[in-house]
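Novice: The structure that follows is given in the form of structure tokens.
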Ligand code: FES
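Residue numbers (this note's numbering): 12 to 237.
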């Protein structure tokens with residue numbers, strides 16, 4: 012019969028787990044309230060959205076898109092509007108608005124250009140696209156051109172790795188990009204044309220229009236963003 016073998020697996024007591032690490036405060040910028048006209052318009056759109064849900068609070072995500080489309084980003088006024096409309100606290104709205112990366116906390120250009128720099132896109136040139144594009148435009152990552160037309164940011168994998176490196180404009184796909192094709196794409200957009208996305212709707216909307224679509228509302232003719 013084989014003798015049992017006992018192993019001493021833990022000689023050092025583990026560090027106590029702490030959840031008390033200080034975190035930077037969550038802050039929103041921009042106006043704190045809307046004009047009467049804007050409030051009236053937002054109220055009407057919000058009522059249409061909220062009516063689709065059995066519980067009003069379930070409308071928070073589309074309402075955040077609504078105010079983001081109006082302001083170009085999530086402002087203090089937008090947070091207060093969502094909280095007021097859905098009977099939530101500002102902290103509850105903020106916790107959702109800061110969880111999802113599609114909600115922005117800084118003014119956005121008419122066209123939000125996202126360069127994927129996750130593994131496959133990066134290996135195939137995504138990092139170089141981002142570097143050359145921001146260098147060409149003279150802005151940093153997350154910055155907006157002086158004409159307010161374009162904001163450039165890096166984005167995480169958009170599950171389009173087959174077409175890497177991928178650039179997104181207002182969340183429409185532009186596949187198989189190179190630094191020069193991405194610069195040409197952005198310059199075409201700045202010049203006023205709307206290059207067709209590689210897939211999907213074949214229509215490129217402004218950031219404000221796209222946000223309204225994501226809110227479940229038809230786009231308006233108005234621009235938006237910074
Ligand atoms: S890594 Fe870029 S789309 Fe997947």
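Built from N, CA and C at the ideal position, the CB exists for glycine as well.
Closer than 8 Å to a non-hydrogen atom of the ligand PLP - does that hold for the CB of residue 129?
Specialist: As presented, the structure is devoid of the ligand PLP, carrying the ligand FES as its sole ligands.
Novice: From residue 197 to residue 149, what distance separates their C-alpha atoms?
Specialist: For the purposes of this step, residue 197 is taken as the residue at position 186 of the chain shown. For the purposes of this step, residue 149 is taken as the residue at position 138 of the chain shown. Each residue's Cα considered, the two are about 13 Å apart.
Novice: If you draw a straight line from the alpha carbon of residue 84 to that of residue 230, how long is it in whole angstroms?
Specialist: Here residue 84 refers to the residue found at position 73 of the chain shown. Here residue 230 refers to the residue found at position 219 of the chain shown. For residue 84 and residue 230, the distance between alpha carbons rounds to 17 Å.
Novice: Considering only the beta carbon of each residue, do residue 162 and residue 92 sit closer than 9 Å?
Specialist: In the chain shown, the residue the question calls residue 162 occupies position 151. In the chain shown, the residue the question calls residue 92 occupies position 81. Contact: no.
Novice: Throw me the rounded Cβ distance for the residue 123 and residue 181 pair, which I believe falls under 8 Å.
Specialist: Taking the chain shown and counting its residues from 1, the one referred to as residue 123 is at position 112. Taking the chain shown and counting its residues from 1, the one referred to as residue 181 is at position 170. With 8 Å as the limit, residue 123 and residue 181 qualify as a contact, their Cβ atoms being about 6 Å apart.
Novice: Could you check what DSSP says for residue 155 in three-state terms: helix, strand or coil?
Specialist: Start at 1 with the first residue of the chain shown, and residue 155 comes out as number 144. In this structure, residue 155 counts as strand in the three-state DSSP scheme.
Novice: The alpha helix (DSSP H) spanning residue 132 covers which residue range?
Specialist: Against the chain shown, residue 132 aligns to sequence position 121. Run containing residue 132: 130–134, per the alpha helix (DSSP H) assignment.
Novice: With a Cβ-Cβ cutoff of 9 Å, do residue 223 and residue 77 count as a contact?
Specialist: Your numbering for residue 223 matches position 212 in the chain shown. Your numbering for residue 77 matches position 66 in the chain shown. It is a contact, given that the beta carbons lie within the stated cut-off.
Novice: Measuring CB to CB, does residue 166 end up less than 9 Å from residue 128?
Specialist: The residue given as residue 166 occupies position 155 in the chain shown. The residue given as residue 128 occupies position 117 in the chain shown. Cβ atoms of residue 166 and residue 128: closer than 9 Å.
Novice: Between residue 208 and the ligand FES, is there a pair consisting of the residue's CB and a ligand heavy atom that are separated by less than 8 Å?
Specialist: Counting from one through the chain shown, the residue named residue 208 turns up at place 197. Not so, every heavy atom of the ligand FES lies at least 8 Å from the Cβ.
Novice: Output yes or no for whether 9 Å exceeds the beta carbon distance between residue 144 and residue 194.
Specialist: By one-based count along the chain shown, residue 144 stands at place 133. By one-based count along the chain shown, residue 194 stands at place 183. Result yes, Cβ atoms of residue 144 and residue 194 sit closer than 9 Å.
Novice: Can you give the beta carbon distance from residue 184 to residue 211, rounded, assuming they're within the 8 Å contact cut?
Specialist: Numbered from 1 along the chain shown, position 173 holds the residue referred to as residue 184. Numbered from 1 along the chain shown, position 200 holds the residue referred to as residue 211. Residue 184 to residue 211, Cβ: 6 Å. Contact.
Novice: Taking only three categories from DSSP, how would you classify residue 174?
Specialist: Here residue 174 is taken as the residue at index 163 of the chain shown, counted from 1. Looking at residue 174 - three-state DSSP - the assignment turns out to be helix.
Novice: For residue 221, which of helix, strand or coil comes out of DSSP?
Specialist: As a working note, residue 221 is residue 210 in the chain shown. Residue state, collapsed to three classes: helix.
Novice: DSSP state of residue 92, grouped into three classes?
Specialist: On the chain shown, residue 92 is found 81 positions in, with the first residue counted as 1. Three-state result, residue 92: helix.
Novice: Classify residue 55: buried if its beta carbon has 16 or more other beta carbons within 10 angstroms, exposed otherwise.
Specialist: As a position in the chain shown, residue 55 is number 44, starting the count at 1. By the 10 Å Cβ count, residue 55 comes out exposed.
Novice: Give me, in chain order, the residues of the same chain whose beta-carbon lies closer than 8 Å to that of residue 153; leave out the 5 immediate sequence neighbours on both sides.
Specialist: For the purposes of this step, residue 153 is taken as residue 142 along the chain shown, with counting starting at 1. Result list for residue 153: 117, 162, 163, 164, in chain order.
Novice: Compute the Euclidean distance between the alpha carbons of residue 177 and residue 15, then round it to the nearest angstrom.
Specialist: Against the chain shown, residue 177 aligns to sequence position 166. Against the chain shown, residue 15 aligns to sequence position 4. Approximately 58 Å, taken between the alpha carbons.
Novice: State the Cα-Cα distance for the pair residue 159 and residue 200, rounded to the nearest angstrom.
Specialist: Walking along the chain shown from the start, residue 159 turns up at place 148. Walking along the chain shown from the start, residue 200 turns up at place 189. Approximately 12 Å between the Cα atoms of the pair.
Novice: Where are the alpha helix (DSSP H) runs, 4 residues long or more, that stay fully inside the segment 53–105, in chain order?
Specialist: Fully enclosed alpha helix (DSSP H) runs of no fewer than 4 residues occupy 71–82, 87–97 of the segment 53–105, in order along the chain.
Novice: Is any heavy atom of the ligand FES found at a distance shorter than 8 Å from the C-beta of residue 93?
Specialist: By 1-based counting over the chain shown, the position of residue 93 is 82. In this structure, residue 93 has its CB at a distance of at least 8 Å from all heavy atoms of the ligand FES.
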